[in-house]
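Here is the structure we will look at, set down as structure tokens.
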Amino acid sequence: TNPLKRAADKATDVLRGDGAGPEQGIPGKPGPEAPPVAEPTEPHEPFPLKADQTAPDTVSPTGQPTGADQARMAQSGSYLTNAQGTRLYDTDHSLKAGPRGPVLLQDHHLREKVMHFDHERIPERVVHARGAGAHGVFRSYGTAANVTKAAFLARDVETPVFVRFSTVLGSRGSADTVRDTRGFATKFYTSEGVFDLVGNNIPVFFIQDAIKFPDVVHAAKPHPDREIPQAQSAHDTFWDFVTLHTEATHHTLWNMSDRGIPRSLRTMEGFGIHTFRLVDADGGTTLVKFHWKPKLGVHSLVWEEAQIIGGVDPDFHRRDLADAIEAGACPEWEFGIQTFPDTSDQTFRGIDLLDPTNIVPEELAPVQPIGLLTLDRNPSNFFAETEQVAFHPGHLVPGIDITDDPLLAGRLFSYLDTQITRLGGPNFPQIPVNRPHAPVNDMTRDGVHQSAVHRGVAPYRPNSLDGGCPFTAGADAGAFVEAPVRVPEATKVREAPASFDDHFSQPRRFWLSMSPVEREHIIGAYTFELGKCYEQAIKERALRVLANIDPELCAAVATGLGLPAPEPTVPLADVAPSPALSQVGHTWPTDGRIIGIISGPDGDLDGVRAVRQEVLDSGMVPLVVAPRGGTLGSGTDAPAVQRTYATARSVEFDALLVAGTPGIGVDAHGARDAKAGLPTDRDGAPDPRVGLLLAEAYRHGKAIGAAKGGESALEAAGIPLDAPGVIAGDGATTVLQELTRLLGSHRVWDRFPSTA
Ligand code: HDE
Numbered sequence: 004t005n006p007l008k009r010a011a012d013k014a015t016d017v018l019r020g021d022g023a024g025p026e027q028g029i030p031g032k033p034g035p036e037a038p039p040v041a042e043p044t045e046p047h048e049p050f051p052l053k054a055d056q057t058a059p060d061t062v063s064p065t066g067q068p069t070g071a072d073q074a075r076m077a078q079s080g081s082y083l084t085n086a087q088g089t090r091l092y093d094t095d096h097s098l099k100a101g102p103r104g105p106v107l108l109q110d111h112h113l114r115e116k117v118m119h120f121d122h123e124r125i126p127e128r129v130v131h132a133r134g135a136g137a138h139g140v141f142r143s144y145g146t147a148a149n150v151t152k153a154a155f156l157a158r159d160v161e162t163p164v165f166v167r168f169s170t171v172l173g174s175r176g177s178a179d180t181v182r183d184t185r186g187f188a189t190k191f192y193t194s195e196g197v198f199d200l201v202g203n204n205i206p207v208f209f210i211q212d213a214i215k216f217p218d219v220v221h222a223a224k225p226h227p228d229r230e231i232p233q234a235q236s237a238h239d240t241f242w243d244f245v246t247l248h249t250e251a252t253h254h255t256l257w258n259m260s261d262r263g264i265p266r267s268l269r270t271m272e273g274f275g276i277h278t279f280r281l282v283d284a285d286g287g288t289t290l291v292k293f294h295w296k297p298k299l300g301v302h303s304l305v306w307e308e309a310q311i312i313g314g315v316d317p318d319f320h321r322r323d324l325a326d327a328i329e330a331g332a333c334p335e336w337e338f339g340i341q342t343f344p345d346t347s348d349q350t351f352r353g354i355d356l357l358d359p360t361n362i363v364p365e366e367l368a369p370v371q372p373i374g375l376l377t378l379d380r381n382p383s384n385f386f387a388e389t390e391q392v393a394f395h396p397g398h399l400v401p402g403i404d405i406t407d408d409p410l411l412a413g414r415l416f417s418y419l420d421t422q423i424t425r426l427g428g429p430n431f432p433q434i435p436v437n438r439p440h441a442p443v444n445d446m447t448r449d450g451v452h453q454s455a456v457h458r459g460v461a462p463y464r465p466n467s468l469d470g471g472c473p474f475t476a477g478a479d480a481g482a483f484v485e486a487p488v489r490v491p492e493a494t495k496v497r498e499a500p501a502s503f504d505d506h507f508s509q510p511r512r513f514w515l516s517m518s519p520v521e522r523e524h525i526i527g528a529y530t531f532e533l534g535k536c537y538e539q540a541i542k543e544r545a546l547r548v549l550a551n552i553d554p555e556l557c558a559a560v561a562t563g564l565g566l567p568a569p570e571p572t573v574p575l576a577d578v579a580p581s582p583a584l585s586q587v588g589h590t591w592p593t594d595g596r597i598i599g600i601i602s603g604p605d606g607d608l609d610g611v612r613a614v615r616q617e618v619l620d621s622g623m624v625p626l627v628v629a630p631r632g633g634t635l636g637s638g639t640d641a642p643a644v645q646r647t648y649a650t651a652r653s654v655e656f657d658a659l660l661v662a663g664t665p666g667i668g669v670d671a672h673g674a675r676d677a678k679a680g681l682p683t684d685r686d687g688a689p690d691p692r693v694g695l696l697l698a699e700a701y702r703h704g705k706a707i708g709a710a711k712g713g714e715s716a717l718e719a720a721g722i723p724l725d726a727p728g729v730i731a732g733d734g735a736t737t738v739l740q741e742l743t744r745l746l747g748s749h750r751v752w753d754r755f756p757s758t759a
């Protein structure tokens, strides 16, 4: 069933209960004619509890277990109450001295309701404020069991998870498709406590030392005077910082590549970035880097699409994730590790593993699959779950430990600290989405928002009054014991190691690994972003950085900016490309891809029906686009219309198929036929918005098909029928088969100039 239709039905349900006068809702005082419609029509049982919302083991003052009951308290019973559980007869009118009289100060319900509302907002995250989350399950293959004793990585173990994806720079209400890094944070509710992997979709970071984090974030956030631009890196302070601070070069290059504008959260890779240390049952250690590989492949938008979506559908990624899960197309990622020997120098093939601006190419250390993540349940309350979830790289379990990456060290401090401001105190682990699924028996007590009622009198150790309880465990009973790593004897310094000084060879490897079309996109991104800067000196400095990555890249961007290309200031690194870094040249599953089927009342309606069914059968999503809403044609099997020419925009579709004549729709104001505004010599031309749909899809390298006369719409849009990725045929379903084949490569890459 179509999630959009379900949403519309829900909305209708909500709208149905109108027409009640206030006095009709007073229990015991029903209105003369109508029943009290303000009451729920169907009193229902409390919502079912979620497995991940069980609380620490505590008791309430009445001796009743809390936690489970607390979650139930959220919404239970059939009647509206105040926050103290007292039933209310009216929540729509303030208490007044007569209907036209002054509002009375004694209205305690008004006071409570508005007081709570006044405090509904909490500070947004200082970074990663804009996010979308989902619940899921992680199934371990057991293939890492020889390198880690972590119970959740043993064979065939299933662990509940909550994942939050985010952009970094924008505010909570900013657009999803801006050019930015994406957060990919996973909370594993393991049997040994919570493990958080707080990663990104880019495997390297801007800085090598946590002490630079306030600097990079201040530079990238909106300018402090006017607070613009929102959620953008295309401004002077960002480029000022990243060109002066050249260790940011590698991450910036990834941002300027297609990785900075993912097609979907479901088609992003994820990376733990830092090198972690796994510990096996015998105490043996292995260094690892964590990877998430999406089953659907790694796909991106093109920049024009990203910009259009920012206005047309700022919730594009959030909606896509929720719709896919609701439709049962649950996104999956394989969890993988690159493993390295835990040597004293912490390097692998000359690559410093403690430097978070480095990757280790997969060709040198393959990513070994160790489990599968499936996101299968949307949050039922955004604030309670996605907003209040609190991640922390220090949430570790036995078998997973940290290394001396100086960036990670600062994070271990920062994430706890920030929750105190954001979530209002130290008891955020008791918020349902943060509660461990393992028993909690700690000795922290009290504090703001304490919701546990702890037992016992001796929250200290050693004690005799609580019988010495609780006991500490040894490593053999599942305790987290730090790996006994030797700390080198050294002098205190504020310095980085010399191995952190190479800022250009890894970016050069990335550039050399890109296909021509990906390079073209990178050039376009730098030209756009630097073109938005006002300061000439910053543009010139940026070109000097680019010259040290690659002269061709530098020259192309310089041309776009109208500036001379400088010479490199360091010798160009002699590095081999890593083909695994390119997103182009593979074939991927087409699950969940969106096919727009354009047709009018005089179009190929049999074709529309047949294509719709085939799209559904192959696990993709058909959206019928027609001149008007309702159904296309009449009769019981008339296809329902999901988008009209007024509501459709090309960016939503992965491929378009015109089935017969598209016809003319009503214009955006709903007042007249769109054709009415056209010059008379355009008579007979299709609706101009169909032309825009097709022309944009063509420009963005999308597969386009036409059947049974739909070709004329393509021609009117200036699309050559023999162009790459344009399929014209007599049978709509035959055309669909070709489109599906093309979708396996995500886009028709041959249509981009660099490959022509
Ligand atoms: Fe974060 N980061 N970060 N970060 N980070 C936060 O924590 C911080 C870094 C990442 O969906 C904050 O709860 C410092 C690297 C994600 O809730 C804050 C440093 C990586 C999220 C914070 C870094 C990340 C955050 C803001 C430099 C990739 C969103 C609110 C040492 C491996 C998590 C919060 C979510 C969030 C600090 C660097 C990823 C302020 C000091 C490197 C995915 O604590």
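Numbering (the UniProt record's numbering) for the sequence shown: 4 to 759.
Here a beta-carbon is modelled for each residue, glycine too, at the ideal position from N, C-alpha and C.
Consider the C-beta atom of Arg133 and the heavy atoms of ligand 1; say whether any pair is separated by less than 6 Å.
Start at 1 with the first residue of the sequence shown, and residue 133 comes out as number 130. Shortest gap from the CB of Arg133 to any heavy atom of ligand 1: 6 Å or more.
Backbone CA spacing between Val484 and Arg458 [nearest angstrom]
Indexing the sequence shown from 1 puts residue 484 at position 481. Indexing the sequence shown from 1 puts residue 458 at position 455. Roughly 27 Å between the two C-alpha positions.
May I ask you to list the residues that DSSP assigns as paired with Val117?
For the purposes of this step, residue 117 is taken as residue 114 along the sequence shown, with counting starting at 1. Looking at the DSSP output, Val117 shares a beta bridge with no other residue.
Please say whether Gly606 and Thr650 have beta carbons closer to each other than 7 Å?
As a first step, residue 650 must be located in the sequence shown, where it is residue number 647. As a first step, residue 606 must be located in the sequence shown, where it is residue number 603. Cβ distance not < 7 Å, so Thr650 and Gly606 don't count as in contact.
Between the C-alpha atoms of Ala658 and Phe216, what's the straight-line distance to the nearest angstrom?
The sequence position of residue 658 within the sequence shown is 655, counting from 1. The sequence position of residue 216 within the sequence shown is 213, counting from 1. So the alpha carbons of these two residues sit roughly 41 Å apart.
Around the C-beta of Asp690, are 16 or more other C-beta atoms found within 10 angstroms, so that it is buried, or is it exposed?
Within the sequence shown, numbered from 1, the residue matching residue 690 stands at position 687. It counts as buried.
For the stretch 303–321 and the stretch 593–612, state whether three or more C-beta atom pairs, one from each stretch, are separated by less than 8 Å.
no
Going by C-alpha distance, which of Phe343, Leu575, Ser502 and Gly286 is nearest Asp479?
Reading the sequence shown from its first residue, position 476 is the one you call residue 479. Answer by Cα proximity: Gly286.
Does the separation of the CB atoms of Arg754 and Gly704 fall below 7 Å?
Working through the sequence shown from its first residue, we reach residue 754 at position 751. Working through the sequence shown from its first residue, we reach residue 704 at position 701. Result yes, Cβ atoms of Arg754 and Gly704 sit closer than 7 Å.
What are the boundary residues of the alpha helix (DSSP H) that includes Gln341?
On the sequence shown, residue 341 is found 338 positions in, with the first residue counted as 1. No alpha helix (DSSP H) contains Gln341, which is instead part of the beta strand (DSSP E) from Glu335 to Pro344.
Alpha carbon to alpha carbon, what distance is there between Glu699 and Glu617?
As a first step, residue 617 is located in the sequence shown; it is residue number 614 there, counting from the start. As a first step, residue 699 is located in the sequence shown; it is residue number 696 there, counting from the start. Rounded to whole angstroms, Glu617 to Glu699 spans 25 Å at the Cα level.
Entirely within the stretch 691–738 and at least 3 residues each: give me those beta strand (DSSP E) ranges in chain order.
706–710 and 729–732
I believe Leu575 touches Val560 by the beta-carbon criterion, under 8 Å. Please report the beta-carbon distance rounded to the nearest angstrom.
Residue numbering aside, residue 575 sits at position 572 when the sequence shown is read from its first letter. Residue numbering aside, residue 560 sits at position 557 when the sequence shown is read from its first letter. Between Val560 and Leu575 the Cβ distance is about 16 Å, and since that is not below 8 Å, they are no contact.
Determine the contact status of Trp295 and Gly263, defining contact as a CB-CB distance below 7 Å.
Here residue 295 refers to the residue found at position 292 of the sequence shown. Here residue 263 refers to the residue found at position 260 of the sequence shown. No, these two residues do not count as a Cβ contact at 7 Å.
Close-in-space but distant-in-sequence residues of the same chain around Val751 (CB under 8 Å, 5 per side omitted)
To locate residue 751, count along the sequence shown from 1; it is residue 748. Answer for Val751: Gly704, Lys705, Ala706, Pro727, Gly728 and Leu745, listed in chain order.
Leaving out five residues on either side along the sequence, give the residues of the same chain with a beta carbon under 7 Å from the beta carbon of Val693.
Counted from its first residue, the sequence shown places residue 693 at position 690. If you ignore the 5 residues before and after Val693, its C-beta comes within less than 7 Å of the C-beta of Ile601, Tyr648, Pro665 and Ala716, all in its own chain and listed in chain order.
Just reading off the alpha helix (DSSP H) that Asn204 is part of, what are its end residues?
Locating residue 204 in the sequence shown gives position 201, counting from the first residue. Segment: none, Asn204 is in no alpha helix (DSSP H) and carries neither H nor E.
Which partner residues of Glu127 appear in the DSSP bridge assignment?
For the purposes of this step, residue 127 is identified with residue 124 of the sequence shown, where counting begins at 1. Its beta-bridge partners do not exist; DSSP assigns none.
Euclidean distance between Cα positions of Met712 and Gly622
Looking up residue 712 in the sequence shown gives position 709. Looking up residue 622 in the sequence shown gives position 619. The sequence shown places Gly at residue 712, rather than the Met named in the question. Taking the straight line from one Cα to the other gives about 27 Å.
Range covered by the alpha helix (DSSP H) that runs through Gly563
Against the sequence shown, residue 563 aligns to sequence position 560. It spans Pro554 to Leu564 - the alpha helix (DSSP H) in which Gly563 sits, taken as one unbroken run.
Can you look up Ile276 in the DSSP assignment and give me helix, strand or coil?
Taking the first residue of the sequence shown as 1, we reach residue 276 at position 273. In the structure shown, Ile276 sits in coil (DSSP, three-state: anything other than H, G, I, E or B).
Can you give the Cα-Cα distance for Phe361 and Ala579, rounded to whole angstroms?
Indexing the sequence shown from 1 puts residue 361 at position 358. Indexing the sequence shown from 1 puts residue 579 at position 576. Looking at the sequence provided, one finds Asn at residue 361 rather than Phe. C-alpha separation (whole angstroms): 15 Å.
Between which residues of its own chain and Thr424 is the CB-CB distance below 7 Å, once the five residues before and five after are set aside?
For the purposes of this step, residue 424 is taken as the residue at position 421 of the sequence shown. Cβ neighbours of Thr424 within its own chain (closer than 7 Å, five residues either side excluded): Pro126.
Keeping to the same chain, check which residues put their C-beta closer than 8 Å to that of residue 2; ignore five residues upstream and five downstream.
Because the chain is modelled from 4 through 759, residue 2 falls outside the range shown and cannot be assessed.
Assign Cys536 to one of two classes, buried (16 or more other C-beta atoms within 10 Å of its C-beta) or exposed (fewer than that).
Walking along the sequence shown from the start, residue 536 turns up at place 533. Taking a 10 Å sphere around the C-beta of Cys536, we find 16 or more other C-beta atoms and assign the residue as buried.
Quick one: Cα of Asp55 to Cα of Met446, how far?
The residue given as residue 55 occupies position 52 in the sequence shown. The residue given as residue 446 occupies position 443 in the sequence shown. At Asp55 the pLDDT is 43, less than 50, meaning the model places this residue with poor confidence; the figure from the coordinates comes in the next sentence. Distance between the alpha carbons of Asp55 and Met446: 22 Å.
Rounding to the nearest angstrom, what Cα-Cα distance links Val291 and Val587 in this structure?
As a working note, residue 291 is residue 288 in the sequence shown. As a working note, residue 587 is residue 584 in the sequence shown. Roughly 27 Å between the two C-alpha positions.
Neighbourhood of Trp514 by C-beta, 8 Å cutoff - its chain only, sequence neighbours within 5 removed:
Working through the sequence shown from its first residue, we reach residue 514 at position 511. These residues qualify, in order along the chain: Leu256, Arg522, Ile525, Ile552, Asp553 and Leu556.
Per DSSP, which residues does Glu161 bridge with? Please list them.
One-based indexing of the sequence shown puts residue 161 at position 158. Glu161 is bridged to Arg142.
Are there 16 or more other CB atoms within 10 angstroms of the CB of Thr389, so buried, or fewer, so exposed?
On the sequence shown, position 386 is the one that residue 389 refers to. Thr389 comes out buried.
Residue burial classification, Pro442 (beta-carbon count within 10 angstroms, cutoff 16):
The residue given as residue 442 occupies position 439 in the sequence shown. Exposed, since its Cβ has fewer than 16 Cβ neighbours within 10 Å.
Could you spell out where the beta strand (DSSP E) holding Val654 opens and where it closes?
Along the sequence shown, read from residue 1 onward, the residue named residue 654 stands at position 651. Here Val654 belongs to no beta strand (DSSP E), and DSSP marks it neither H nor E.
Please give the ranges of any beta strand (DSSP E) in the stretch 483–516, keeping only runs that are unbroken, at least 3 residues long and fully inside the region.
none
Where the alpha helix (DSSP H) through Gln371 begins and ends:
As a first step, residue 371 must be located in the sequence shown, where it is residue number 368. Premise fails: Gln371 lies in the beta strand (DSSP E), Gln371 to Arg380, not in any alpha helix (DSSP H).
Beta-carbon separation of residue 760 and Glu123 under 7 Å?
The shown model of the chain, from 4 to 759, leaves out residue 760, and the question about it has no answer.
In the DSSP assignment, what residue or residues form a beta bridge with Ala188?
Taking the sequence shown and counting its residues from 1, one reaches residue 188 at position 185. Per DSSP, the beta-bridge partners of Ala188 are Arg167 and Val201.
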